[in-house]
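Visitor:
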Amino acid sequence: MSGELEVVQLECELFPERVVSAVRFVEVTNAASIRKEAMSGSLGQLAVLDGSLVIGPTQLAIATMRALLADASNSLITHTVHSEIIYGLSPSSSISAAFKNHGVSKKSKSLVLVWVDGDAEAMKEVCGKVAGTMVPVGADEHDWMQVADMAAVARVYDIGDSLDAHTSHDEILRLVLEKMALRDA
Amino acid sequence: MATTSAPTPTPALVLPGFTLLAQGAEARVYIGRLGGLDALAKHRFVKGYRHKVLDDKLRAAHTVAEARSLARARALGVPVPGVLMVDTKEMVLYMELVHGITLKAYLQAMEGLEIKDDVGPHHLPPNAMAVLAAVGKDIALLHNGDVVHGDLTTSNFMLRPRSPSDAAVLASKPLDPSALVALNILHLEVVTIDFGLASVAQSDGLEDKAVDLYVLERAFISTHPFAEHAFAAVLGAYAEACANDDAVLGRLEDVRARGRKRDMFG
Ligand SMILES: Nc1ncnc2c1ncn2[C@@H]1O[C@H](COP(=O)(O)OP(=O)(O)OP(=O)(O)O)[C@@H](O)[C@H]1O
Ligand SMILES: [Mg+2]
């Protein structure tokens, strides 16, 4: 990858001292090798997400804050804050389902990378390993939902019954956040 | 239990970026931002006089129950604040902040209207009656799904503007009654809040549902001069949308009768 990193800072208001960064790739062709490297630890500390179920920065920020809250109360369910972000996106309390649905897979076509207090050089290096197109990540949820696989979102978050052609982006976001939150309820 | 000491005030939870809005008997309510959204955080604080293990259990159960009730209400088609996050360690429920005014403020503003027509004093214009009908319909949708709100008051319904110009009318201080009354139900969405005492109706649920309505009726009567007329609009829409309105409204009569007895001999 050449050029500037299109990094978004996620607003994690409950943790103002943490810097949370996200980048997004589409048309990814080497997900299998990225997955392998992520699992071996050679990419350093980050969360590598399959992009198809990511519908915007709010969803990512809330998954991240869940992870940071769990860390702060010594109640991480997974091993690290970064893996807990993957778990935080999930409406299911099954860890394996969370990783299967929300983590990078061999077949991922889009990826979202999230770093908590990531080092700029390290972030750049990881991005350089991804064969794909880095897309600018506006704060705009509309933009994300065009890239996400909305049929998969409806299925995994079990919100299909509440959706029709007129359902607004705001409404979809609200439904998804509710499903994420209700896992703990 | 032989504790005589006053409950020690628990220190406020530090939620970065959030400011205290209100304090109730069980919870403090804060306003801030979460993931870039305007949010309201409801923190059920430690009750020092309760045994710690029991207290933690109760606070967690109530936090979780409120989140579930909100989700259930939404699934029933009732507009409610969206649940954003549940922190069962600190017992904080984060929800969408509803921008708007309470039904109470709306009705108080209506009192300032002088209506000159032949229906007589102490009644409300059609737009306000339609807002009240929306309230009645939402209660019926909850009850049809066996959700009992448990604390229906005119403060626990909010009116949310549907457009920026509607928002401007609701934001004006003091409220301008004549601008407000020009807004019909296409401009205002009724949002039901505070599911802290909500529950799933047991057995036929008639008593719980009737009491839900009775509590709201008392709230109307105690605060608004046009209460009877206004509450009739709520009940009319309720009856229309409720699956077993005859039974619930029949029970409401019983509940009222008991209430009158209590008032007389209480
Ligand atoms: N989602 C919301 N959006 C906007 N305002 C809200 C929301 N939820 C609550 N409020 C405001 O905060 C007040 C207190 O909230 P709520 O009633 O849920 O807390 P409570 O602890 O039950 O308080 P109380 O004991 O006074 O009923 C409400 O009366 C309302 O004015
Ligand atoms: Mg209340």
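Here the protein sequences line up with chains R and V, keeping their order.
The first sequence maps to residues 1 to 185 in UniProt numbering.
The second sequence maps to residues 1 to 266 in UniProt numbering.
All C-beta atoms in this analysis are idealised placements derived from N, C-alpha and C, irrespective of residue type, glycine included.
Note that the coordinates shown come from a computational prediction; the quantities given were computed from them, not determined experimentally.
Is the beta carbon of Leu60(R) sitting closer than 8 Å to the one on Leu5(R)?
Guide: On the first sequence, residue 60(R) is found 60 positions in, with the first residue counted as 1. On the first sequence, residue 5(R) is found 5 positions in, with the first residue counted as 1. In this structure, Leu5(R) does not lie closer than 8 Å to Leu60(R) by Cβ.
Visitor: Report yes or no: is there a C-beta of chain V within less than 8 Å of the C-beta of Arg18(R)?
Guide: Locating residue 18(R) in the first sequence gives position 18, counting from the first residue. No, Arg18(R) lies away from the interface with chain V (no Cβ there is under 8 Å from its Cβ).
Visitor: Within 10 angstroms of the Cβ of Glu125(R), are there 16 or more other Cβ atoms? Answer buried if so, exposed if not.
Guide: Taking the first sequence and counting its residues from 1, one reaches residue 125(R) at position 125. The residue is exposed, with fewer than 16 neighbouring Cβ atoms inside 10 Å.
Visitor: State buried or exposed for Asn184(V), treating a residue as buried only when at least 16 other CB atoms are found within 10 Å of its CB.
Guide: To locate residue 184(V), count along the second sequence from 1; it is residue 184. Answer is exposed; the Cβ neighbour count stays below 16.
Visitor: Are the C-beta of Ala12(V) and some C-beta of chain R separated by less than 8 Å?
Guide: Counting from one through the second sequence, the residue named residue 12(V) turns up at place 12. No, because no Cβ of chain R sits closer than 8 Å to the Cβ of Ala12(V).
Visitor: Take His59(V) and list the residues in its own chain whose beta-carbon comes closer than 7 Å to its own, dropping the five residues that flank it on each side.
Guide: Along the second sequence, read from residue 1 onward, the residue named residue 59(V) stands at position 59. Checking the sequence, you will find Arg at residue 59(V) rather than His. These residues qualify, in order along the chain: Arg44, Met91.
Visitor: Closer than 8 Å is the cut-off here; do at least three beta carbon pairs connect the region 191-206 of chain V with the region 220-239 of chain V?
Guide: Touching, no, given that fewer than three Cβ pairs across the two stretches are closer than 8 Å.
Visitor: Report the residue ranges of all alpha helix (DSSP H) runs contained in full by the region 90-161 of chain V; include only those spanning at least 4 residues, in chain order.
Guide: Those alpha helix (DSSP H) runs which fall completely within the region 90-161 of chain V and span 4+ residues are 103-111, 126-144.
Visitor: For chain R, is any of its Cβ atoms less than 8 Å away from the one on Arg68(V)?
Guide: By 1-based counting over the second sequence, the position of residue 68(V) is 68. Yes, contact with chain R.
Visitor: Express the C-alpha separation of Leu175(V) and Ala232(V) in angstroms, rounding to a whole number.
Guide: Residue 232(V) sits at position 232 when you count from the first residue of the second sequence. Residue 175(V) sits at position 175 when you count from the first residue of the second sequence. Taking the straight line joining both Cα atoms gives about 25 Å.
Visitor: Run down chain A in chain order and give the residues with a C-beta less than 8 Å from the C-beta of Met65(R).
Guide: Absence of chain A from the displayed structure is noted, the protein chains being R and V.
Visitor: Am I right that Leu142(V) and Ala230(V) are in contact with their C-beta atoms under 8 Å? What's the rounded C-beta distance?
Guide: Position 142 of the second sequence, counting from 1, holds the residue named residue 142(V). Position 230 of the second sequence, counting from 1, holds the residue named residue 230(V). With a Cβ gap of about 20 Å, Leu142(V) and Ala230(V) do not count as contacting.
Visitor: Using a beta-carbon distance below 8 Å, is Thr58(R) in contact with chain V?
Guide: Taking the first sequence and counting its residues from 1, one reaches residue 58(R) at position 58. At least one chain V Cβ lies under 8 Å of Thr58(R).
Visitor: Counting only runs of 3+ residues fully inside the region 175-214 of chain V, write out the beta strand (DSSP E) ranges in chain order.
Guide: You should have 188-192.
Visitor: Please tell me whether Lys261(V) has its Cβ less than 8 Å away from any Cβ of chain R.
Guide: By 1-based counting over the second sequence, the position of residue 261(V) is 261. With 8 Å as the cut-off, Lys261(V) does not count as an interface residue toward chain R.
Visitor: Taking 8 Å as the threshold (beta carbon to beta carbon), is Arg35(R) in contact with chain V?
Guide: As a position in the first sequence, residue 35(R) is number 35, starting the count at 1. No, its Cβ sits nowhere closer than 8 Å to a Cβ of chain V.
Visitor: Under 7 Å from any heavy atom of ligand 1, by CB: list those residues in chain order, please.
Guide: Cβ-based neighbours of ligand 1 within the cut-off: Leu21(V), Ala22(V), Gly24(V), Ala25(V), Glu26(V), Ala27(V), Val29(V), Leu40(V), Lys42(V), Pro81(V), Met95(V), Glu96(V), Leu97(V), Val98(V), Thr102(V), Asp151(V), Ser155(V), Asn156(V), Met158(V), Ile193(V), Asp194(V), Gly196(V).
Visitor: Looking at the C-beta of Ala185(R), does it have a partner C-beta in chain V at a distance below 8 Å?
Guide: Your numbering for residue 185(R) matches position 185 in the first sequence. Yes, contact with chain V.
Visitor: Only counting the same chain, and skipping five residues up and downstream in sequence, which positions put a Cβ closer than 6 Å to that of Tyr106(V)?
Guide: Along the second sequence, read from residue 1 onward, the residue named residue 106(V) stands at position 106. Once the five neighbours on either side are set aside, the close Cβ partners of Tyr106(V) are Leu159.
Visitor: Short check: CB of Thr64(R) to CB of Gly103(R), under 8 Å?
Guide: The count along the first sequence starts at 1 and reaches residue 64(R) at position 64. The count along the first sequence starts at 1 and reaches residue 103(R) at position 103. No, the pair does not count as a contact, with Cβ atoms beyond the cut-off.
Visitor: Let me see if you follow: with CB-CB separation under 8 Å, is Ile159(R) close to chain V or not?
Guide: One-based indexing of the first sequence puts residue 159(R) at position 159. With 8 Å as the cut-off, Ile159(R) does not count as an interface residue toward chain V.
Visitor: For Ser69(V), which residues in the same chain have their Cβ closer than 7 Å to its Cβ, ignoring the five residues on either side in sequence?
Guide: For the purposes of this step, residue 69(V) is taken as residue 69 along the second sequence, with counting starting at 1. Counting only Cβ-Cβ distances below 7 Å, and skipping sequence neighbours, we find Val147, Phe195, Ala198.
Visitor: Go ahead and pull the three-state DSSP assignment for Gln23(V).
Guide: The residue given as residue 23(V) occupies position 23 in the second sequence. Residue state, collapsed to three classes: strand.
Visitor: Gly17(V) touches chain R at which residues, Cβ-Cβ below 8 Å?
Guide: Start at 1 with the first residue of the second sequence, and residue 17(V) comes out as number 17. The answer, in chain order, is Glu13, Leu14, Pro16.
Visitor: With three or more beta-carbon pairs closer than 8 Å as the criterion, would you say the region 145-158 of chain R touches the region 168-175 of chain R?
Guide: Touching, yes, given that three or more Cβ pairs across the two stretches are closer than 8 Å.
Visitor: Can you check the region 37-109 of chain R for any beta strand (DSSP E) of at least 3 residues that lies completely inside it and give the ranges in chain order?
Guide: Counting only runs of 3 or more, we get 47-50.
Visitor: Kindly list the residues whose CB is nearer than 7 Å to the CB of Arg258(V), restricted to its own chain and excluding five residues on each side of it in sequence; keep chain order.
Guide: Looking up residue 258(V) in the second sequence gives position 258. Same-chain partners within the cutoff: there are none.
Visitor: Helix, strand or coil: which one does DSSP assign to Phe15(R)?
Guide: What you label residue 15(R) is simply residue 15 of the first sequence in a count that begins at 1. Note: Phe15(R) maps to coil in three-state DSSP.
Visitor: I'd like to confirm the pairing. Which residues does DSSP put opposite Ile34(R) in its beta bridges?
Guide: Reading the first sequence from its first residue, position 34 is the one you call residue 34(R). Paired residues: none, contrary to the question.
Visitor: When we look at the beta-carbon of Pro126(V) and count the other beta-carbons within 10 Å, is it buried (16 or more) or exposed?
Guide: Counting from one through the second sequence, the residue named residue 126(V) turns up at place 126. Classification of Pro126(V): exposed, given that the 10 Å Cβ count is below 16.
Visitor: Between the C-alpha atoms of Ala109(V) and Asp166(V), what's the straight-line distance to the nearest angstrom?
Guide: Within the second sequence, the letter at position 109 stands for residue 109(V). Within the second sequence, the letter at position 166 stands for residue 166(V). Straight-line Cα distance between these residues: approximately 16 Å.
Visitor: Let me check you understand the geometry: is the CB of Asp119(R) closer than 7 Å to at least one non-hydrogen atom of ligand 3?
Guide: Among the ligands in the structure shown, ligand 3 does not appear; only ligand 1 and ligand 2 can be found there.
Visitor: Nearest CA to the CA of Glu189(V): which residue from Met85(V), His99(V), Thr153(V)?
Guide: Counting from 1 along the second sequence, the entry for residue 189(V) is found at position 189. Of the candidates Met85(V), His99(V), Thr153(V), the one whose C-alpha sits nearest the C-alpha of Glu189(V) is His99(V).
Visitor: Are there three or more Cβ pairs, one per stretch, closer than 8 Å when the region 105-118 of chain R is compared with the region 20-34 of chain R?
Guide: The answer is yes - the region 20-34 of chain R touches the region 105-118 of chain R, with three or more Cβ pairs under 8 Å.
Visitor: So His43(V) is in the beta strand (DSSP E); what residue range does that whole segment cover?
Guide: Residue mapping note: residue 43(V) aligns to position 43 of the second sequence, counting from 1. That run of the beta strand (DSSP E) goes 37-44.
Visitor: Check whether the region 19-29 of chain V and the region 75-84 of chain V are in contact - that is, three or more C-beta pairs closer than 8 Å.
Guide: Contact between the region 19-29 of chain V and the region 75-84 of chain V is absent, because fewer than three Cβ pairs lie under 8 Å.
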